[in-house]
DNA sequence: AATTGACTCGTACGACGTACGAGTCAATCA
DNA sequence: TGATTGACTCGTACGTCGTACGAGTCAATT
């Protein structure tokens, strides 16, 4: 999270200087624009592709200008991560008695948000709790409470669901996606087939119905939750 | 896993050159020693603390000598990660009918291995499947099969357990550990208390009985697994 | 005695994050 | 009106990183 430094702009009073060019040609620099551009860049080139110099280029400024809005590169990561995790809420056509459906919706949306930006999965291991993340946790807890999860089990329940999302998403993002990867994994596995017969015959890495496995496993977990 | 390059030493025939100094003073360079030292360095200074130059210093060689044994820095990470995940197996006093106990043992050992080396959690998001990892997956699958998990549910069950371990371990390693961190989190949470009443009253981040939550959540999951 | 091949490493290059301080210009004040 | 301020921009420079390249060393082999 790493708050902005003391000298950072806080509430800027108003943008007064007009862009010298035609409007749209070069918008003024701003934290929002930096974060948005960082996300673009991360989507396009991955974690290692984000460089302060490249980011500045895209934004149309000198590299050091970014540091007026941001303490350091780490902050850019933090802000980009939390920005991508904004939750738009349950659909309003949802059946309000169906807590299970609510949980599934929240968690699938969460996972989908991250998979839309695979770099999130390598960023998460550090500092994950921005305001959007907290908001998601709050909604989830509330749903569980109304579903009847007892006070003594609430935290374990929350963390279990969190773990399911985290684990599944990180795994999905680091395997899969490219068929080449899968082919390579297949080769390695069948070459080592006699050492790992069970996972080989189960096609663990190849039958890549990740979405189905996510939903199924989530079902197991919800089935196992003790409700009062 | 990124195999070693073609020119790398394969099976070295034998170490023939004698160390010029007294033995123990400076052992010969070797892949094993490089990996072991990398783990030391990672334990001591974390992911960012591992540089090829520092590693070479510790190992007592020039930086470029490492590249005889290793393709690049990435491979050092891969090898260190998998090396730390070696599984010593179930204790032989274990009750052989107790599949649940077996699973719990495996997964707690897995989690403990990673928490002993917290940097593993930030490395995992990329390329996680070394031979030791595969071995663990194989054992886990076998246990689930004998426990009665049906063929159609096997993969989802494996991934769910994997997700639980991954999620819990990564989370545990990125929060917690330092009391200062927790104090900071507490402050932020209570400051935002009115926005997040449920997770605040549940002490989600503060009641940090991580081990208990891990075991409890694992229990939920195992309770929910469909056995034939 | 010459050759090979396993291994070591000094030097150098390009890229990175960012400290520093000098610049620009609108708004404010005298 | 002229001087001052403060918000913002950015060129330069430093130290550090991964690693390409090629020259070196030395034991074993021919």
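Chains as they are written, first to last, in the working numbering: chain A, 50 to 277; chain F, 50 to 277. Backbone N, C-alpha and C define an ideal beta-carbon position, used for all residues, glycine too.
In the DSSP output, what is residue i paired with across the bridge?
i	result
residue 198 of chain F	F:276
Exposed or buried, residue i, counting other C-beta atoms within 10 Å across all chains shown (16 or more means buried)?
i	result
residue 250 of chain F	exposed
residue 204 of chain A	buried
residue 200 of chain A	exposed
residue 239 of chain F	exposed
residue 276 of chain F	exposed
residue 114 of chain A	exposed
residue 93 of chain A	exposed
residue 174 of chain F	buried
residue 188 of chain F	buried
residue 98 of chain F	exposed
residue 95 of chain A	exposed
residue 221 of chain A	buried
residue 167 of chain A	buried
residue 145 of chain A	exposed
residue 137 of chain F	exposed
Express the C-alpha separation of residue j and residue i in angstroms, rounding to a whole number.
i	j	result
residue 157 of chain F	residue 192 of chain F	15 Å
residue 152 of chain F	residue 202 of chain A	21 Å
residue 11 of chain F	residue 273 of chain F	In the structure as shown, chain F starts at 50 and stops at 277, and residue 11 of chain F therefore has no counterpart that could be examined.
residue 135 of chain A	residue 179 of chain A	10 Å
residue 206 of chain A	residue 198 of chain A	8 Å
residue 50 of chain F	residue 128 of chain F	The predicted model places residue 50 of chain F with a pLDDT of 40, which falls under 50 and marks its position as unreliable, so this point remains unresolved.
residue 90 of chain A	residue 162 of chain F	35 Å
residue 54 of chain A	residue 141 of chain F	Note that residue 54 of chain A scores a pLDDT of 37, beneath 50, so its modelled location is shaky; the value from the coordinates is reported in the next line. Computed Cα separation, rounded: 56 Å.
residue 147 of chain F	residue 264 of chain F	16 Å
residue 103 of chain F	residue 112 of chain F	8 Å
residue 119 of chain F	residue 79 of chain F	10 Å
residue 149 of chain A	residue 259 of chain A	20 Å
residue 266 of chain A	residue 210 of chain A	10 Å
residue 121 of chain A	residue 169 of chain A	18 Å
residue 185 of chain F	residue 100 of chain F	30 Å
residue 237 of chain A	residue 252 of chain F	45 Å
residue 247 of chain A	residue 254 of chain A	12 Å
residue 14 of chain F	residue 208 of chain F	Only positions 50 to 277 of chain F appear in this structure, which leaves residue 14 of chain F out of reach.
residue 160 of chain A	residue 244 of chain F	23 Å
residue 133 of chain A	residue 183 of chain A	13 Å
residue 261 of chain F	residue 139 of chain A	31 Å
residue 36 of chain F	residue 271 of chain A	Outside the shown range of chain F (50 to 277) lies residue 36 of chain F, about which nothing can therefore be said.
residue 22 of chain F	residue 116 of chain A	What is shown of chain F runs 50 to 277, which leaves residue 22 of chain F out entirely.
residue 164 of chain A	residue 171 of chain A	11 Å
residue 106 of chain A	residue 105 of chain F	36 Å
residue 194 of chain F	residue 110 of chain A	59 Å
residue 256 of chain A	residue 268 of chain A	19 Å
residue 190 of chain F	residue 190 of chain A	32 Å
What span of residues does the alpha helix (DSSP H) with residue i cover, start to end?
i	result
residue 155 of chain F	148-164
residue 82 of chain A	80-94
residue 246 of chain A	246-250
residue 132 of chain A	122-133
residue 108 of chain F	101-108
residue 172 of chain A	169-172
In terms of alpha-carbon separation, which member of the options lies closest to residue i?
i	options	result
residue 81 of chain F	F:245, F:94, F:221, F:108	F:108
residue 181 of chain F	F:212, F:150, F:131, F:194	F:131
residue 155 of chain A	A:112, A:213, A:124	A:213
residue 279 of chain F	F:125, F:268, F:271	Only positions 50 to 277 of chain F appear in this structure, which leaves residue 279 of chain F out of reach.
residue 223 of chain A	F:224, F:221, F:215, F:223	F:215
residue 123 of chain A	A:87, A:256, A:268	A:87
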